[in-house]
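Each residue of the sequence shown is one higher than the one before, starting from 1 at the first, in full-length UniProt numbering. Heads up, the beta-carbon is just placed ideally off N, CA and C, and yes, glycines get one too. Below is one structure, written out as structure tokens; the observations come after it.
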Amino acid sequence: MSSPTSPTLHLDGLDLAALLCSRVCHDVISPVGAIVNGLEVLEDDQDESMRTFALELIGKSARQASARLKFARIAFGAAGSAGASIDLADAEGVAKGMFSDEKTKLTWSAPQALFPKNKVKLLLNLVMVATSAIPRGGVIDVVVSGDAEAPTLVLKAKGSHARIPPHVEELMAGRPESGTVDAHGILPFYAGLVARAAAMDVRFAIEGDEVTITATPAASPAVIGAPEDPDGEASDTALA
Numbered sequence: 001m002s003s004p005t006s007p008t009l010h011l012d013g014l015d016l017a018a019l020l021c022s023r024v025c026h027d028v029i030s031p032v033g034a035i036v037n038g039l040e041v042l043e044d045d046q047d048e049s050m051r052t053f054a055l056e057l058i059g060k061s062a063r064q065a066s067a068r069l070k071f072a073r074i075a076f077g078a079a080g081s082a083g084a085s086i087d088l089a090d091a092e093g094v095a096k097g098m099f100s101d102e103k104t105k106l107t108w109s110a111p112q113a114l115f116p117k118n119k120v121k122l123l124l125n126l127v128m129v130a131t132s133a134i135p136r137g138g139v140i141d142v143v144v145s146g147d148a149e150a151p152t153l154v155l156k157a158k159g160s161h162a163r164i165p166p167h168v169e170e171l172m173a174g175r176p177e178s179g180t181v182d183a184h185g186i187l188p189f190y191a192g193l194v195a196r197a198a199a200m201d202v203r204f205a206i207e208g209d210e211v212t213i214t215a216t217p218a219a220s221p222a223v224i225g226a227p228e229d230p231d232g233e234a235s236d237t238a239l240a
């Protein structure tokens, strides 16, 4: 793990844009490719059962591609002019759309309210980080409490082989051990950028098969590698 005093990595704007575009393309290329395959079957195969299968594949893949693009539009996009707010109901809709056909189930408890866009973007990016905490699938429980300017975001990811994703804490703090970031690490790195823009601290904790991610209003500059508690167990890691 990198040192708390390690310099924060500052990506060139063009590099950040390129890596985020790469991430979005990675997420949509599979369902789009499946749509192309389905269309080829419709063109070349006259067997009725195969044509039915192809139509089902096209429909399912189109829904997946649409859901992933809608999610990316809010999670990575500007989502309106500076200072704009986003309805948490819209965030819930795009988040649940991402898991409609997946092995992971999402539960959501949040007020019906408009929240500052960076706080909503942080929430959605943390949903994706939580997904990587349960690689074999499971349940992600999202709870938003407090008012729009000072909310508490709690995400609990429970599933077999749950773990705090490798290097996620360093990446979110902007201090990757390697000193650089690639397309695989851009999501947590970007989540850290959004957290700092939203003045939120993010903490990770794990107990058994459940990983908890908590984001709260930043009280002071957060550091990586919080000191051990009196019982000798490491305290939760705080990230800003």
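Just verifying my parser: in three-state terms, what is the DSSP assignment at Leu9? Three-state DSSP puts Leu9 in coil, outside helix and strand.
Note to self: I need the straight-line Cα distance from Leu153 to Phe53, nearest angstrom please.
What the structure shows: Distance between the alpha carbons of Leu153 and Phe53 is about 41 Å.
For this session: Check Lys60 in the structure and name its three-state DSSP category.
Result: Note: Lys60 maps to helix in three-state DSSP.
* To do: For Glu92, count neighbouring Cβ atoms within 10 angstroms of its own Cβ and tell me buried if that reaches 16, exposed if not.
  => A residue is called buried once 16 or more other Cβ atoms fall within 10 Å of its Cβ, and Glu92 is buried on that count.
Check your understanding: What is the residue span of the alpha helix (DSSP H) that Gly97 lies within?
Key -> Residues Leu88 to Met98.
Taking the beta strand (DSSP E) that Pro217 falls in, what are its first and last residues?
-> Looking at the DSSP string, the run of the beta strand (DSSP E) that includes Pro217 is Glu210 to Pro217.
Endpoints, alpha helix (DSSP H) assigned at Ile164 = Segment: none, Ile164 is in no alpha helix (DSSP H) and carries neither H nor E.
Where the beta strand (DSSP E) containing Thr131 begins and where it ends: Boundaries for Thr131: no beta strand (DSSP E) harbours it, while the alpha helix (DSSP H) harbouring it runs Lys117 to Ala133, taken from the DSSP string.
(request) Over the uninterrupted alpha helix (DSSP H) stretch that includes Val194, give me the two end residues. (result) Counting along the chain, Val194 sits inside the alpha helix (DSSP H) bounded by residues Ile186 to Ala197.
- Residues bridged to Ile206 by DSSP? Bridge partners of Ile206: Val211.
Ser178 - DSSP class collapsed to helix/strand/coil: Ser178 falls in the coil class under three-state DSSP.
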